[in-house]
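Worksheet for the structure shown next.
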Amino acid sequence: MKKWWIMFPICILLSGCWDERPLRTMKLIFGAGMDMQEDDRYSLTIEMPIEGAGGGSSGQGGQGGGQGGQAQTSQVMSEDGITVRDSAYKLDRKVGGVLDVSKLRVLVIGEDGAEKGLYSFLDALYRNASSPLNAKIAIVEGKAGTLFQSEISGEQLHSEYLYKLIMSAEKESMAPVTNLQFICISLLDNGSDPVLPFMKYNEKNKAVEISGGALFNGTKMTGTITPDEMSAFLLLADQMGKELSFTIPADEGRKLTILIEKSKRKMKVDTTNKDHVTADISLDLSVRVLEYPPDHLDDEKKLNELNKLVSDELEKIFTQTMDKMKMADSDTLGFGRQIMAKDPKKFEKMNWKKSYRSADVKIRVKTKIISGGVIL
Amino acid sequence: MDEGVKTKKTISAQQLFFLILQTQIGVGVLSLPYSVHTESGKDGWISILIAGLFVQIGIGVIWLLSSRFPDKTLYEFAPLLLGRLLGTIVNALYIVFFFIVAAQMLIVFLYLTSNWAFPHTPHIVFAVIVVGITVYLIQENIRIIARFHVLMSFLFIIVLILFVFIIKHLNVYYLLPIGSEGAPAILSGTKQALFSFAGFEFLLWLYPVTKASSKAKWKAAAGASAIAAVFYTLLSAFVYMFFSLKKLNHVPEPVLYMVKAVELKMIERIDLLFLSIWAIFAITSFMSYMYLAASGVAKLAKAKHHRKAVYVLAVLILPITFYTANPEQSVNIYEKISTLSTIFLFAVPAFLLAVAIIRNKREEST
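Respectively, the protein sequence lines represent chains A and B.
So the first sequence is numbered by the numbering used here: it starts at 991 and just counts up by one.
So the second sequence is numbered by the numbering used here: it starts at 16 and just counts up by one.
Structure (structure tokens):
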């Protein structure tokens, strides 16, 4: 330990300054929106927080001319180019400081762009070692650029807001748990297709709402599903979040809201049949009743009836969801992957995307009402 | 004559175990699943497992050979077996081989650090840092090197913990059906994987300096390789379950890419954390090979200590860093070394063993 002093020169020598990235020279991108224009040009919209202005109305509120007393805390810019990178460089020319994407939280893609193919938007991000592959991704109705321009009441940073929105949707089983990395794997998998959260801007409330999911065939978006169908899909795919609720019509025009507590899914894909594939999905659900005005939940006969009603209604939703996914040619449940695992030669021979439509999917639901809350 | 210094039993069987393990697990870890996958697809993990079995045979051969000369390293008994001239040539070839392997490791190391973490830092800076600490350590005797390698082995636990976070994202269906790529593909993948086990030949030099029974030495070497095999197999199985096959074609360093997806509450960019751990694995292997090369040079030059040889090799290896601009070149070198390695790891020891048996050469421990 005689040479302990050698620590100090080493500390100085080991820290290089070639790759330093001081925050003061950087412009961090928190949110990004990408669109495809009619002439196939990529347009990129980015949102950057303004330093020193975040965290409330105090501080240097004057920056950028606050409107209606509220300080402007973010800067939104938009540019278009031949590739995503091209637009990014064009933006970089306008911004004081170096654009940095490594803190990206949310990436929003416009519907039109997604329909033309998602991968070309993301390629540049996958190539960069410092890009944040755990950022959330969502598809938006209309243009992603306009989403960042539009006002959202009560929120200062669109990206922060969208991130929280998606996170809570994931928790409540309104959106699949995914990020840039996971999406890429299923985009490039010919045995399964991704599902992404789909959202739209709500003019009346000045807010963004998750309006279901976007279905993909390969890398192209081919359809959408409603929030209820999204929940149904998550149950079918065994990807339920922390909680999941449904509102279904009960007897005599009354409505019943239930919460799925636990879900057990079994999926079996049968490839023995020559010309078509059959799949059996059985779901075992434990249900809690959240809202049901005529409360007779202590009556066993009534309970059985209700059980039957709930499982019938759920089955309907499941089948409807499945049909929609088939119509969109979106093999979201990864049947193709299972066929490949069981019989790779057969998979090669058949045109899976064509046979997927005619695949025979049987869904059976068994429910058990376990509790009606704190009252019976 | 000078055996008083050279044959001292200075390291324990445990230290032997960690020395071999740390030498085996090196720069190749990050890209192993990818390079094997190019041959044997999703069944690459089977290839790696089979490679692990082959390595056990290789270790058996080396152990049989070394136990015939319990007080001598390969540099010392090769002249005895083959005659002075041929033995010296074999030794020189081994030295060149070790030096090339070390150089290749350094090239891969520099390429990956610049590609993943430090794009603007000149290669020479990292080269000097890595070579500098290597020289600092390996100018000492093997016992001190062994202590360092043991000390750094706790990092394996951190790697395993990191992998726990990935388990929930794995998809077993990517692996099924097992073995569908066919035996030829799997075996050619095995050929790719063999080089990543390089390091067990260290036993040829460590056998005489380890203080343990002959059987314990075999156990340590075989155990280290078995652990490395399990580690590699697990790692690549994880990668194959994480990425779909098509995606894997785009990702030459899938291990880093995989950990990128993990997000812990406090830490982002776990790939950087992983890269730092990997750097230590890479440097320990680099140290081992530099030590082997240097001690060989010292032997050839009949020097008492290998210290001067270390300095010479360090100066020689630095210019190689200017040669790293092109990743294709380094892939090319890798392929060549990979083929070379089967000769030096398997063929030569087997040949020497055959000669020893035919000429009935055997020495007793003093």
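Where a beta carbon is used, it is the ideal one built from N, C-alpha and C, also for glycine.
- Does the beta-carbon distance from LYS1126/A to VAL1096/A come in below 7 angstroms? By 1-based counting over the first sequence, the position of residue 1126/A is 136. By 1-based counting over the first sequence, the position of residue 1096/A is 106. Closer than 7 angstroms, so yes.
- Task: Whole angstroms is fine: what's the gap from SER1253/A's alpha carbon to ALA1222/A's?
- Result: Walking along the first sequence from the start, residue 1253/A turns up at place 263. Walking along the first sequence from the start, residue 1222/A turns up at place 232. About 11 angstroms.
- Message: Can you find the residues in the same chain that come closer than 6 angstroms, C-beta to C-beta, to GLU378/B, ignoring five residues on each side of it along the sequence?
- Response: Residue 378/B sits at position 363 when you count from the first residue of the second sequence. Here the set comprises PHE84.
- Message: Looking at chain A, is there any beta carbon in it that lies within less than 7 angstroms of the beta carbon of TRP293/B?
- Response: Locating residue 293/B in the second sequence gives position 278, where the first residue counts as 1. No - not a single Cβ of chain A is within 7 angstroms of the one on TRP293/B.
- Item | Status (buried if at least 16 other CB within 10 Å, exposed otherwise) for GLU350/B | Within the second sequence, the letter at position 335 stands for residue 350/B. That one is exposed.
- Task: Tell me whether ALA227/B sits in a helix, a strand or coil according to DSSP, three-state version.
- Result: Taking the second sequence and counting its residues from 1, the one referred to as residue 227/B is at position 212. Here ALA227/B sits in coil by DSSP.
- Reduced DSSP category for GLU350/B - H, G, I as helix; E, B as strand; rest coil: Within the second sequence, residue 350/B is the residue found at index 335, counting from 1. Three-state DSSP puts GLU350/B in a helix.
- Please work out which residues of its chain come closer than 7 angstroms, Cβ to Cβ, to GLY1006/A, disregarding the five sequence neighbours upstream and downstream, and give them in chain order. Position 16 of the first sequence holds residue 1006/A. Excluding sequence neighbours, GLY1006/A sits near nothing in its chain.
- Message: What would DSSP say about LEU1108/A, mapped onto helix, strand or coil?
- Response: Position 118 of the first sequence, counting from 1, holds the residue named residue 1108/A. Here LEU1108/A sits in coil by DSSP.
- Could you tell me the boundaries of the alpha helix (DSSP H) in which SER1272/A lies? As a position in the first sequence, residue 1272/A is number 282, starting the count at 1. For SER1272/A, no alpha helix (DSSP H) encloses it; the enclosing beta strand (DSSP E) starts and ends at 1268–1281.
- Measure the CB-CB distance between ALA118/B and ILE335/B and report whether it falls below 7 angstroms. Against the second sequence, residue 118/B aligns to sequence position 103. Against the second sequence, residue 335/B aligns to sequence position 320. The Cβ-Cβ distance between ALA118/B and ILE335/B falls below 7 angstroms.
- From what residue to what residue does the alpha helix (DSSP H) around VAL145/B run? Along the second sequence, one-based indexing puts residue 145/B at 130. In this chain, the alpha helix (DSSP H) harbouring VAL145/B covers 138–153.
- Task: Give a yes or no on whether the C-beta atoms belonging to ILE1200/A and ALA1159/A are separated by under 7 angstroms.
- Result: Taking the first sequence and counting its residues from 1, the one referred to as residue 1200/A is at position 210. Taking the first sequence and counting its residues from 1, the one referred to as residue 1159/A is at position 169. Cβ atoms of ILE1200/A and ALA1159/A: closer than 7 angstroms.
- Task: Give me the Cα-Cα distance between ILE1359/A and ILE1248/A, rounded to the nearest whole angstrom.
- Result: The residue given as residue 1359/A occupies position 369 in the first sequence. The residue given as residue 1248/A occupies position 258 in the first sequence. Going from the Cα of ILE1359/A to the Cα of ILE1248/A covers about 9 angstroms.
- Starting from the Cα of SER1272/A, find the closest Cα among THR1262/A, ALA1227/A and ASN1169/A and give me that residue. Residue mapping note: residue 1272/A aligns to position 282 of the first sequence, counting from 1. Checking every option, the nearest Cα to that of SER1272/A belongs to ALA1227/A.
- Task: May I ask you to report which of helix, strand or coil DSSP gives GLY1103/A?
- Result: Your numbering for residue 1103/A matches position 113 in the first sequence. The three-state reading of DSSP puts GLY1103/A in helix, counting H, G and I together.
- Query: Taking C-alpha atoms, which residue in GLY1243/A, ASP1179/A and LEU1224/A lies nearest to LEU1234/A?
  - Reply: Working through the first sequence from its first residue, we reach residue 1234/A at position 244. Ranked by Cα distance from LEU1234/A, the options GLY1243/A, ASP1179/A and LEU1224/A are led by LEU1224/A.
- Message: Taking only three categories from DSSP, how would you classify GLU1251/A?
- Response: Here residue 1251/A refers to the residue found at position 261 of the first sequence. Of the three classes helix, strand and coil, the one that applies to GLU1251/A here is strand, per DSSP.
- By the 10 Å Cβ neighbour count, where 16 or more other Cβ atoms means buried, how is ARG284/B classified, buried or exposed? As a first step, residue 284/B must be located in the second sequence, where it is residue number 269. Per the 10 Å Cβ criterion, buried.
- Query: Taking just the CA atoms, how far does LYS275/B sit from PHE359/B?
  - Reply: Numbered from its first residue, the second sequence carries residue 359/B at position 344. Numbered from its first residue, the second sequence carries residue 275/B at position 260. In a straight line, the C-alpha of PHE359/B is about 36 angstroms away from that of LYS275/B.
- Query: Once you ignore the five residues that flank LEU1246/A on each side, which residues in its own chain have a CB closer than 6 angstroms to its CB?
  - Reply: The residue given as residue 1246/A occupies position 256 in the first sequence. So the list reads ILE1238, ALA1240 and TYR1282, once near-sequence residues are dropped.
- Item | Minimum Cβ-Cβ distance from TRP1008/A to chain B less than 7 angstroms | Walking along the first sequence from the start, residue 1008/A turns up at place 18. Answer yes: the Cβ-Cβ gap between TRP1008/A and chain B drops below 7 angstroms somewhere.
- Compare the Cα-Cα distances from MET167/B to each of SER291/B, PHE133/B and TRP131/B and report the closest residue. Numbered from 1 along the second sequence, position 152 holds the residue referred to as residue 167/B. Nearest of SER291/B, PHE133/B and TRP131/B to MET167/B, Cα basis: SER291/B.
- Note down, in chain order, every chain A residue with its Cβ under 9 angstroms from the Cβ of PHE133/B. Here residue 133/B refers to the residue found at position 118 when the second sequence is read from its first residue. Here the neighbours are GLY1006, TRP1008 and ASP1009.
- Message: Considering only their Cβ atoms, is the gap separating VAL1088/A from MET1016/A smaller than 7 angstroms?
- Response: Position 26 of the first sequence holds residue 1016/A. Position 98 of the first sequence holds residue 1088/A. Their beta carbons are under 7 angstroms apart, which means MET1016/A touches VAL1088/A by this criterion.
- Query: Between LYS1256/A and PHE1325/A, what straight-line distance do the alpha-carbon atoms span, to the nearest angstrom?
  - Reply: For this step, residue 1256/A is matched to residue 266 along the first sequence. For this step, residue 1325/A is matched to residue 335 along the first sequence. Here the C-alpha atom of LYS1256/A lies approximately 13 angstroms from the C-alpha atom of PHE1325/A.
- Closest Cβ-Cβ distance between GLY1045/A and chain B: below 7 angstroms? On the first sequence, position 55 is the one that residue 1045/A refers to. Bear in mind that the predicted position of GLY1045/A carries a pLDDT of just 46, short of 50, making it unreliable; the figure below should be weighed with that in mind. So no, GLY1045/A is outside the interface.
- Message: Any beta carbon of chain B sitting closer than 7 angstroms to that of ARG1255/A?
- Response: Taking the first residue of the first sequence as 1, we reach residue 1255/A at position 265. Chain B contact via Cβ: absent.
- Message: Is it the case that the region 138–153 of chain B contacts the region 317–330 of chain B, given that we only count it when at least three CB pairs across the two stretches are under 8 angstroms?
- Response: Yes: the two stretches touch, three or more of their Cβ pairs being nearer than 8 angstroms.
- Item | Rounded C-alpha distance that separates VAL1196/A from GLU1219/A | Here residue 1196/A refers to the residue found at position 206 when the first sequence is read from its first residue. Here residue 1219/A refers to the residue found at position 229 when the first sequence is read from its first residue. Looking at the sequence provided, one finds Lys at residue 1196/A rather than Val. Using only the alpha carbons, I get a separation of about 25 angstroms.
- Task: Verify whether the separation of the beta carbon atoms of MET1024/A and ALA1128/A is less than 7 angstroms.
- Result: Start at 1 with the first residue of the first sequence, and residue 1024/A comes out as number 34. Start at 1 with the first residue of the first sequence, and residue 1128/A comes out as number 138. No, the Cβ-Cβ distance between MET1024/A and ALA1128/A is not below 7 angstroms.
- Message: Check whether chain A comes within 7 angstroms of ALA276/B, counting only Cβ atoms and requiring the distance to be less than that.
- Response: For this step, residue 276/B is matched to residue 261 along the second sequence. Chain A, which has a Cβ nearer than 7 angstroms to the Cβ of ALA276/B, makes this yes.
- May I have the straight-line CA-CA distance separating GLY1107/A from PHE337/B, to the nearest angstrom? Against the first sequence, residue 1107/A aligns to sequence position 117. Against the second sequence, residue 337/B aligns to sequence position 322. The alpha-carbon separation between GLY1107/A and PHE337/B amounts to approximately 41 angstroms.
- Does DSSP put PHE998/A in a helix, a strand or coil? For this step, residue 998/A is matched to residue 8 along the first sequence. Here PHE998/A sits in helix by DSSP.
- Task: Can you give me the start and stop residues for the beta strand (DSSP E) that ASP1090/A sits inside?
- Result: For the purposes of this step, residue 1090/A is taken as residue 100 along the first sequence, with counting starting at 1. First-last of the beta strand (DSSP E) with ASP1090/A: 1088–1090.
- Message: With a threshold of 6 angstroms on Cβ separation, who are the neighbours of GLY1046/A within its own chain once the five nearest residues in sequence on each side are excluded?
- Response: Here residue 1046/A corresponds to residue number 56 of the first sequence, with the count starting at 1. At GLY1046/A, the pLDDT of 42 sits below 50, so the modelled position is not reliable and the matter cannot be decided from this model.
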